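One structure is given here, and the rest of the page talks about it.
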Amino acid sequence: MGWTLLAASLALLDIRQKIAFFIAFLAIAVGISTHILAYPAITSLLMISVLGVAHVYFNTKRHFIGKSITEAMLVIVSILLFIHFIPGFHNLKYLDKVQVGPLSAPFSMYFNFDKALVPFLLLCCMPSLFRCNPVVNAPAHGWALLIAAIPALLGLATSLGGLAVELHLPSWFPAFVVANILFVSLAEEALFRGYIQQKLSQWMNPYFALIITSLLFGAAHFAGGGLLMAFATLAGLIYGIAWMWSGRLWVAVGFHFTLNVLHLLFYTYPIKTIIS
């Protein structure tokens, strides 16, 4: 029940913010009652709530110093939630070291309660998180080329030996769709495109902001090794351009999810297994 409520709140966060926050509060209440959230997480969420209220207050009063400090603290907390640093969250391991195909390496899939809260915190910091004016106008045929870049990137990863063609349609595909759109792609795009790239674009040339954000996105995948970092950086360029041309977070999420689902359906997932 708690995971269903959390998923519903994320789906509504762009179009019905007050309702989304209320449903998220219900999800937290259910999470506490079902022991998804332990005392360290409960204490942290109470402190985060106070911090969020303080930020809204300072923003309303146009108190620049107070607003800046609370925003910086909310962003730091968002990153800590993103990397699962804050204790007390018992995230659901939906798949445990499954192998989607004979050439695919084993992987696990989680529904992460902590990471899913990131868009809520960043929305407090950046009211335009989901929607803003396009930073750059798309060139002629730009969208067609950007869409084509998704299979091209997967083909590049295959040619470099990181992936291999392997068709799958696993029984857990519907759960993968929900988890990947709402608990992975939305959280990652909210942090990297909705907040970081948008904030940097306010301070510098948007193409520099795009490159820096994509490099940071690649660096966030350091645990997967150099090839995955390079792959993630190039993918970040695609997602960043999608956001830059549209000003819509869900457009970047759509590109992110599309690449991930094509990866699962047609290639070794998450990588090609190493045969000794």
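Using our numbering, you'd call the opening residue of the sequence shown number 6 and step up by one each time.
Built from N, CA and C at the ideal position, the CB exists for glycine as well.
Keep in mind that this is a model prediction, so the values were computed, not measured.
Asked: CA-to-CA distance, residue 170 to residue 14, given in whole angstroms; Found: 36 Å
Asked: Three-pair Cβ contact test at 8 Å for the segment 239-255 versus the segment 135-155; Found: yes
Asked: Residues bridged to residue 109 [DSSP beta-bridge criterion]; Found: 277
Asked: Neighbourhood of residue 38 by C-beta distance below 7 Å, restricted to the same chain and skipping five residues each side; Found: none
Asked: Presumed contact (8 Å Cβ cut-off) between residue 154 and residue 217, rounded CB distance; Found: Not really, about 20 Å apart at Cβ, beyond 8 Å.
Asked: Bounding residues of the beta strand (DSSP E) (the contiguous stretch that carries residue 100); Found: 97-103
Asked: Start-end ranges of the alpha helix (DSSP H) lying completely within the segment 42-91, minimum 4 residues; Found: 44-65, 69-87
Asked: Residue burial classification, residue 198 (beta-carbon count within 10 angstroms, cutoff 16); Found: buried
Asked: Residue 170, DSSP secondary structure in three states; Found: strand
Asked: Given residue 223 as reference, the closest of 212, 215, 236 once Cα atoms are compared; Found: 236
Asked: Proximity to residue 156 [Cα-Cα], best of 35, 264, 59, 74; Found: 264
Asked: Residue nearest to residue 96 in terms of C-alpha spacing, selected from 121, 210, 81; Found: 121
Asked: Residue interval of the alpha helix (DSSP H) (run including residue 249); Found: 231-251
Asked: Supposed contact pair residue 269 and residue 181 - C-beta distance, whole angstroms, cut 8 Å; Found: 6 Å
Asked: Straight-line Cα distance separating residue 40 from residue 240; Found: 36 Å
Asked: Heavy atom of the ligand FAD within 6 Å of residue 83 beta-carbon; Found: Absent from the structure shown: the ligand FAD. Ligands present: none.
Asked: Reference residue 117; option with closest CA among 232, 11, 259, 231; Found: 11
Asked: Range of the contiguous alpha helix (DSSP H) that encloses residue 148; Found: 147-164
Asked: Beta carbon of residue 92 nearer than 7 Å to that of residue 132; Found: no
Asked: First through last residue of the alpha helix (DSSP H) which encompasses residue 255; Found: 254-271
Asked: Residues near residue 262 by beta carbon distance below 7 Å, same chain, minus five either side; Found: 185, 186, 190
Asked: Where residue 94 falls: helix, strand or coil (DSSP); Found: strand
Asked: For residue 200: DSSP bridge partner residues; Found: Residue 200 is not bridged to any residue.
Asked: Cβ distance (whole Å) where residue 192 is taken to contact residue 124 below 8 Å; Found: 6 Å
Asked: Cut-off 8 Å between Cβ atoms - residues of its own chain near residue 98, not counting five sequence neighbours on either side; Found: 113, 114, 115
Asked: Residue range of the unbroken alpha helix (DSSP H) whose run includes residue 217; Found: 211-224
Asked: Coarse secondary structure for residue 116, derived from DSSP in three states; Found: strand
Asked: Proximity of residue 278 and residue 110 at Cβ, strictly below 7 Å; Found: yes
Asked: Nearest candidate by alpha-carbon position, reference residue 178, set 105, 201, 163, 229; Found: 105
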